[in-house]
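Note sheet for the following structure.
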Amino acid sequence: MSIKRTVLGLAVAGGFALPAAAQPIPVGHLMDNSGPTSDVGVPYGQGVADALAWVNATRNGINGRRLNVLGFDYGYQAPRAVAQYQAWVNRERVVAIQGWGTADTEALVRFVTRDRIPYISASYSAALTDAAGRSGRQGVEAAPFNFFYGPSYSDALRAMLQWAKQDWERRGQQGRPRYVHMGANHPYPNSPKEAGEAMARELGFEVLPAIQFALTPGDYTAQCLTLKNQGANYAYLGNTAGSNISVLRACQTAGVQVQFLGNVWGMDENAMKAAGTAANGVVFPVRTAAVWGQEAPGMRTLRQISRQSDQAGTAYRPVHYLAGVCSAMLMVEAMEHAAQNGGEVSGPRIRDGFYARQNWVPRGLEGVCVPVTYAAEDHRGTMRVALYRSVVTGDTSQGSVADLMRAGTMRIEPVATIELARRRDWLGW
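Here the sequence shown stands for residues -22 to -1, 1 to 407, numbered as in mature numbering (1 follows the signal peptide of the UniProt record, and there is no 0).
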């Protein structure tokens, strides 16, 4: 324990109250480092942790108050997340939380609304965007303290389906393209299912019966054979990369010819290496304006942040790490807005900080984080969806991800950017 922390502890133990300006700001950080979504949870959580550590190291926290980041690995178990939330609120008095999964985030909506604690999740469930609760959709409640960085799962899928329709026509295909939703029977992959199928029908697709597969890796030969027998042309992979890898490999072996559409957690550089050429051609949304190694004005700041956990500066950071950094830095700047002119860094003031600017990019991260705009009744931060394609041209079993990306054996190439209409009937859905 450092001298500074020891003095703080003695002051608290002795009943001495530190002035508010000297007290650390407690922030929760909920992570999945050991559960079924840890394959993508680990890099995302590291991005959040590094960004908050960098703010303490380079900016001395928020207006001279350091962040006391309280990390907790809940293993993707919603009851543990709810229990930890209660502990954070009742004991540590957190003012904001960086969260994770859909089941736990949705379970906590009423709590964070009641307690007025901004909850910035890695769940992009569209149900979290109806800040005022005016969509009228069954099961969707007001979520005025819930935010996330990037397009919702539903909007990302709508954009991919628009691209798929264009792809079908561009290739001169005849008849109606066939679409199928694939994923576990779980709140996360189910979140955009209805919205995606409705969009597919609106665009003229034939919608096939959904195919289920678990969130964990396994033998999914049967699912691939069903996919093949259905004659699907476009298939949405609703799970995280870990189980999607199993599906991609099994479908490659089964000779399935289909265009896979990955959700935002469904593909990344690590999954490309693990799946090899089975991952070639998957189209998926990317939340940031750049991927690791690309030139961008904000890449210098990003590399400084990365050195918080990689002092040598040699680590390759996948797309989820970058998104974690952007999410954390949006929260930080909302907190800075709350602290302006000696203001209290409280939940309601932090929430209002999310509304303080338009086309908002955290300073120093220009060209890395995409611009977002939040409104008091509409927490859809962006309607712009950048689609990329995974390209794998050879053996990925040898060398690191950095080596393979550098050699061009793997790459992530832009496909299209879809600007969706901000339709009122899509709010919360």
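Think of the CB as a built atom: it goes at the ideal place given N, C-alpha and C, for glycine as much as any other residue.
{"Query": "Simplified DSSP state of Ser99, which is helix, strand or coil", "Result": "strand"}
{"Query": "For Pro263, the nearest candidate out of Val379, Met361, Tyr52, Thr15 (CA to CA)", "Result": "Met361"}
{"Query": "Three-state secondary structure (DSSP) of Asn124", "Result": "strand"}
{"Query": "Rounded straight-line distance, which links the Cα of Leu226 to that of Val350", "Result": "33 Å"}
{"Query": "When Met307, Phe126, Gln237, Ala293 are compared against Arg149, the one with the closest alpha-carbon", "Result": "Gln237"}
{"Query": "C-beta contact flag for Ser378 and Asn258 at 8 Å", "Result": "no"}
{"Query": "Beta-carbon contacts of Ala274 that lie in its chain and below 6 Å, excluding the five residues immediately before and after", "Result": "Ala268, Gly345, Val346"}
{"Query": "Cut-off 7 Å between Cβ atoms - residues of its own chain near Ala253, not counting five sequence neighbours on either side", "Result": "Ile223, Leu226, Arg227"}
{"Query": "Local conformation of Gly(-14) per DSSP, three classes", "Result": "Confidence at Gly(-14) is low in this model, with a pLDDT of 39, below 50, so its placement is unreliable and the value that follows should be read with caution. Gly(-14): helix per DSSP, three-state reduction."}
{"Query": "Contact check, Val348 vs Thr266, beta carbons under 8 Å", "Result": "yes"}
{"Query": "Rounded distance between the beta-carbons of Ala232 and Thr199, thought under 8 Å", "Result": "6 Å"}
{"Query": "Backbone CA spacing between Glu314 and Ile40 [nearest angstrom]", "Result": "6 Å"}
{"Query": "Alpha helix (DSSP H) runs contained entirely in the segment 259 to 304, provided each spans 4 or more residues", "Result": "277 to 284"}
{"Query": "Val353 to Arg115 span [Cα, whole Å]", "Result": "Checking the displayed sequence, the identity of residue 353 turns out to be Ala instead of Val. Looking at the two C-alpha atoms, the distance is approximately 19 Å."}
{"Query": "Range covered by the beta strand (DSSP E) that runs through Asp51", "Result": "45 to 51"}
{"Query": "Residues near Ser284 by beta carbon distance below 8 Å, same chain, minus five either side", "Result": "Asp28, Gly291, Ala293, Arg295, Tyr299"}
{"Query": "Buried versus exposed call for Thr279 [16 or more other C-beta atoms within 10 Å across all chains shown]", "Result": "buried"}
{"Query": "Which residues DSSP lists as bridging Gly240, in chain order", "Result": "Leu215"}
{"Query": "Start and end residues, beta strand (DSSP E) containing Gly161", "Result": "156 to 161"}
{"Query": "Segment contact flag, the segment 388 to 395 with the segment 87 to 95, C-beta cutoff 8 Å, min 3 pairs", "Result": "no"}
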